[in-house]
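Novice: Here the sequence shown is numbered in the UniProt record's numbering, starting from 1 and rising by one per residue.
Ideal Cβ placement from N, Cα and C applies to all residues, glycine included.
In this text, all values refer to a predicted model and were calculated from it rather than measured experimentally.
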Amino acid sequence: MIDTNLLSNLVEPHNSNEESFNSPLINEIGSLQFTVYDTVKDENFSVDLSHPAYEKNDYIRWTISELFIMRVSHGLGWSNPRTQSLSGRQANVKTIRTLLIRIGGWWAKNKPESKMSEWDQGDVTRLIQDVLELKVKWQNEESRRYHVAKSEGVANRGVIEGITYILSQSEKLLLSGRIQDGLSFHVYGQQVKMVVRSILKSYQINYEDWKDGGRWTSIPLPVAMLLLNDAIEVIRDTKTVFLIEYYQHQRSDLYYSTNSIFNSGSFQKFCDGVWKFEGKGSWQGRRSRPKAEALHSIIYKHFGTSCNTFPMSHDEINVWCEKVYRSALVVLLMLTGARISELATMKAGDLTYHPGGLWEFKSEIIKTNHGLSTTRGVHGLAAEAVQALEELSYIDKLNQNEDVDIYLFRKFFTRGIKKSSFSLNSLVQRISTETFRYMLKGFYVEFLDKHPEIKAIWPSVHPHQFRHTFAEFALRRFDGNVHEAIRRHFRHSPHSFMTNIYLSNKVDEAYIYAQEKMIQEIAGQMINDAHDLLNEKVTEPRFHGAAMKVALELLDATVITSEEELHNVIEEFGDGFEKIVPHEYGYCMPRTKTISQSQCFDKVSKVVKLEEAGFFTCSSCVHSVQEINSHEVSIVQIGLTHAQQMKSIEATTTFSLENNKQYQASKAAVISAERILKMMKSDKIITSSKE
1 MIDTNLLSNL
11 VEPHNSNEES
21 FNSPLINEIG
31 SLQFTVYDTV
41 KDENFSVDLS
51 HPAYEKNDYI
61 RWTISELFIM
71 RVSHGLGWSN
81 PRTQSLSGRQ
91 ANVKTIRTLL
101 IRIGGWWAKN
111 KPESKMSEWD
121 QGDVTRLIQD
131 VLELKVKWQN
141 EESRRYHVAK
151 SEGVANRGVI
161 EGITYILSQS
171 EKLLLSGRIQ
181 DGLSFHVYGQ
191 QVKMVVRSIL
201 KSYQINYEDW
211 KDGGRWTSIP
221 LPVAMLLLND
231 AIEVIRDTKT
241 VFLIEYYQHQ
251 RSDLYYSTNS
261 IFNSGSFQKF
271 CDGVWKFEGK
281 GSWQGRRSRP
291 KAEALHSIIY
301 KHFGTSCNTF
311 PMSHDEINVW
321 CEKVYRSALV
331 VLLMLTGARI
341 SELATMKAGD
351 LTYHPGGLWE
361 FKSEIIKTNH
371 GLSTTRGVHG
381 LAAEAVQALE
391 ELSYIDKLNQ
401 NEDVDIYLFR
411 KFFTRGIKKS
421 SFSLNSLVQR
431 ISTETFRYML
441 KGFYVEFLDK
451 HPEIKAIWPS
461 VHPHQFRHTF
471 AEFALRRFDG
481 NVHEAIRRHF
491 RHSPHSFMTN
501 IYLSNKVDEA
511 YIYAQEKMIQ
521 EIAGQMINDA
531 HDLLNEKVTE
541 PRFHGAAMKV
551 ALELLDATVI
561 TSEEELHNVI
571 EEFGDGFEKI
581 VPHEYGYCMP
591 RTKTISQSQC
601 FDKVSKVVKL
611 EEAGFFTCSS
621 CVHSVQEINS
631 HEVSIVQIGL
641 THAQQMKSIE
651 ATTTFSLENN
661 KQYQASKAAV
671 ISAERILKMM
681 KSDKIITSSK
691 E
């Protein structure tokens, strides 16, 4: 029996208007026929979720319908509850359709009388196995007319990850009462990985090859850091800083004719001291004098008194500004995780400055949120890039008529902008994504010319690779091996990073892949560290925590006679970790077998809340791992901060410190910091309070 009382849970509060009250319903819960609006194409398209396997099973049909609504909306429900509309990109929605039909088809064949909440881990394992081995026939006759599904081999990574995500989301939605049926337990990624790995082995397919198939990988970090460094150097170059002030001057009341600067020679006469200020015909000179003096002072400021001319021709200005725009594109792709389709829609008017160096902008196209207007934070290095794009312009990009859209990447730095014949309306269209790709290609060609040794390592780049690189940088924001400017950028914006990655509960593919890669890398470092300790090649480990003890125990119980055997141990050790979350004070690396022992484990939802944990919680957790090069300084700083807090409370309170919660919390943090530093055998000392 379907509980219609739960229907209201599928909607979010919405500000309705008179028109929406009188509009007919576009979609209905329980139906398998949907109309979805594509926000990019600006058109509706139809989605048919029906399949002969479950056409007479009302319960499966209803659940598939609910899961479709929630999956397309990322758990938000209808776009407009009054009309029950849905929004999403057509390609993404059709992928969701094929995944749900697979689930429904398997369900109808194997568990037709059961609710999904009655499934067990074995059922999920069999579903994954059957989907992977292409045993679930999901196509109907109509769909086969347009595309014949793969019938041999195994399903690709995207299918398995997509189904795993839907199943995991069903558990969260059921727990929150948003849907009537879903899994009653959590599906852990490592469990799915073990199932997949076992089946692939029988097909003689390497798991890593299968996982990487059809995937955009990240740019190697050494290349990415060098690439980003070159882009930052351009944005911070003296010429860029000078031109920003030049354009600010030219947008002010002190605007000085570009013809006088670059053609007639008037400004050069002023610089040479031969400009006429007195006598007949000198009124124009006297009127222009403060403008010329202000411009001259800007030149002196950046190039010194030895520069007695305007330092660049306007052609050179144009070339340099193009270079800055290409550099800004690289920085924003690398450090915000934005796609070029998002950057193309970014308007200068969307930017809002907040104290502390944060700019916020809204993007019309957020692929991970299917068109919902989503605010992203732009911090640090990315903010510098945004400011350069805004400032290198003869017009004020922010203060224009509200009816005119000024896109941030539109170029207003050429002399033609100052001509009386110039019309702003001629440059209000957004830049195409193809233009962005051309800009990116141009930057990378210059990059390879400057660093020819990189060509053999990474001969070209694609915009999608930057999103994966962004995920790696963000994960490694506390890694001592990452360039300090990059680490500082991400340290100042971890919540912006989490917003990008976890938009409406959707875990980003790039982040998942970056996690897997980082887990294997750290697992390898820990095993090698343990191997060197056991063989007395080193006297102290780099890593500390319960996971390091597991690595030592695993190696101590294993006979290693070859590099291949060592690699197998690393792989086995790495597979035991569920995920990784970086903090400035250590890595949170919960192991699948012991995840319920996490300090942040929620006994009600049976889920670990890793991103919500803090230093005190993590420092006493069995899943916390510290690496001395990356975390020692931050742990010392945390300890010192809390020690100072204790001293401040001691000096100002007359009440019992035993009952002061703030004091006791700081005391616990100091004790934890000292314990970790002692375990590291660090020579750093935390100044103690009277305790």
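Beta carbon of V195, beta carbon of Q129: below 8 angstroms?
Specialist: Closer than 8 angstroms, so yes.
Novice: Determine whether the beta carbon atoms of A551 and F573 lie at a separation below 8 angstroms.
Specialist: Yes, the Cβ-Cβ distance between A551 and F573 is below 8 angstroms.
Novice: Does the beta-carbon of M679 have 16 or more other beta-carbons within 10 angstroms, so that it is buried, or is it exposed?
Specialist: Exposed, since its Cβ has fewer than 16 Cβ neighbours within 10 Å.
Novice: In the DSSP output, what is F577 paired with across the bridge?
Specialist: According to DSSP, F577 bridges with R591.
Novice: Where G189 and E563 are concerned, what is the direct C-alpha to C-alpha distance, given to the nearest angstrom?
Specialist: Distance between the alpha carbons of G189 and E563 is about 28 angstroms.
Novice: Is G586 helix, strand or coil by DSSP?
Specialist: G586: strand per DSSP, three-state reduction.
Novice: Consult DSSP for V608 and reduce its assignment to one of helix, strand or coil.
Specialist: Correct three-state label for V608: strand.
Novice: Taking 8 angstroms as the threshold, find out whether the segment 450–461 comes into contact with the segment 317–327 through three or more Cβ pairs.
Specialist: The segment 450–461 is not in contact with the segment 317–327.
Novice: With a CB to CB cut of under 8 angstroms and the five nearest residues on each side skipped, what residues in its chain are close to L254?
Specialist: Answer for L254: P290, K291, A294, L295, listed in chain order.
Novice: Is DSSP giving K681 helix, strand or coil here?
Specialist: Here K681 sits in coil by DSSP.
Novice: Which class does D48 belong to by DSSP, given the choice of helix, strand or coil?
Specialist: Three-state result, D48: strand.
Novice: Short of 8 angstroms in beta carbon distance, which residues of its chain neighbour I686, apart from the five on each side in sequence? Order them along the chain.
Specialist: Contacts found: V636, G639, L640, A643, V670, A673, E674, L677.
Novice: Can you tell which of E536, K537, D575, G545 has the C-alpha that lies nearest to the C-alpha of G524?
Specialist: Cα-wise, what sits closest to G524 is D575.
Novice: How big is the Cα-Cα spacing for L287 and F303?
Specialist: With the sequence shown as reference, residue 287 is identified as Arg, and Leu is not the correct amino acid for it. In a straight line, the C-alpha of R287 is about 26 angstroms away from that of F303.
Novice: If we ignore side chains and look at the alpha-carbon of each, how far apart do L392 and V319 end up?
Specialist: Taking the straight line from one Cα to the other gives about 12 angstroms.
Novice: Between the segment 626–635 and the segment 596–605, do at least 3 Cβ pairs fall closer than 8 angstroms?
Specialist: At 8 angstroms Cβ cutoff, the stretches do not touch.
Novice: Where does residue 692 land, buried or exposed, given buried means 16+ other C-beta within 10 angstroms?
Specialist: Because residue 692 is not part of the residues shown, which for the chain are 1 to 691, the question remains open.
Novice: Does the segment 652–662 touch the segment 613–620, meaning 3 or more C-beta pairs lie closer than 8 angstroms?
Specialist: In short, these stretches do not touch, since the Cβ pair count stays below three.
Novice: Between residue 719 and S624, what straight-line distance do the alpha-carbon atoms span, to the nearest angstrom?
Specialist: Only positions 1 to 691 of the chain appear in this structure, which leaves residue 719 out of reach.
Novice: In chain order, what residues of the same chain lie with their CB nearer than 7 angstroms to the CB of V93, ignoring the 5 residues before and after it?
Specialist: If we look at V93 and ignore the five residues flanking it on each side, its Cβ neighbours are V36, V47, V72.
Novice: Considering only C-alpha positions, which residue in the set V559, H464, D449 is nearest to F436?
Specialist: When each option's Cα is compared against that of F436, the closest is H464.
Novice: Can you give the Cα-Cα distance for Y300 and L398, rounded to whole angstroms?
Specialist: Their Cα atoms are separated by approximately 29 angstroms.
Novice: Spatial neighbours of S432 within its chain, please: CB distance less than 8 angstroms, with the 5 preceding and 5 following residues excluded, ordered by chain position.
Specialist: Once the five neighbours on either side are set aside, the close Cβ partners of S432 are A344.
Novice: Counting only runs of 3+ residues fully inside the segment 624–650, write out the beta strand (DSSP E) ranges in chain order.
Specialist: For the segment 624–650, whole beta strand (DSSP E) runs of length 3 or above, ordered along the chain, are 624–627.
Novice: Give every residue of the same chain whose Cβ lies closer than 7 angstroms to the Cβ of K137, excluding the five residues on either side of it in the sequence, and list them in chain order.
Specialist: Excluding positions up to five away in sequence, the list reads G105.
Novice: Using only alpha-carbon positions, find the residue among F473, L227, I527 that is nearest to residue 708.
Specialist: Nothing about residue 708 can be read from this structure; the chain reaches only from 1 to 691.
Novice: Work out the CA separation of E316 and S266 for me, nearest whole Å.
Specialist: Straight-line Cα distance between these residues: approximately 20 angstroms.
Novice: Have a look at W62 and Q121 and give me their C-alpha separation to the nearest angstrom.
Specialist: Cα to Cα, the separation comes out at about 23 angstroms.
Novice: Chain C beta carbons: is any one of them nearer than 8 angstroms to that of V550?
Specialist: Of the protein chains in the structure, only one exists, and it is not chain C.
Novice: Considering just the uninterrupted stretch of the alpha helix (DSSP H) at F262, what are its terminal residues?
Specialist: Run containing F262: 258–262, per the alpha helix (DSSP H) assignment.
Novice: On the DSSP bridge list, what partners appear for T561?
Specialist: None; T561 has no bridge partner.
Novice: Locate the beta strand (DSSP E) running through Y37, then write down its first and last residues.
Specialist: First-last of the beta strand (DSSP E) with Y37: 33–38.
Novice: Sort out for me which residues DSSP pairs L86 with in a bridge.
Specialist: Beta-bridge pairing links L86 to V36.
Novice: Could you have a look at E540 and say whether DSSP puts it in helix, strand or coil?
Specialist: Here E540 sits in coil by DSSP.
Novice: Report yes if the CB atom of L25 is closer than 8 angstroms to the CB atom of S50, and no otherwise.
Specialist: In this structure, S50 does not lie closer than 8 angstroms to L25 by Cβ.
Novice: Taking the alpha carbon of S460 as the reference point, which residue from F473, W119, A385, F443 has its own alpha carbon closest?
Specialist: Checked all of F473, W119, A385, F443; the closest Cα to S460 is F443.
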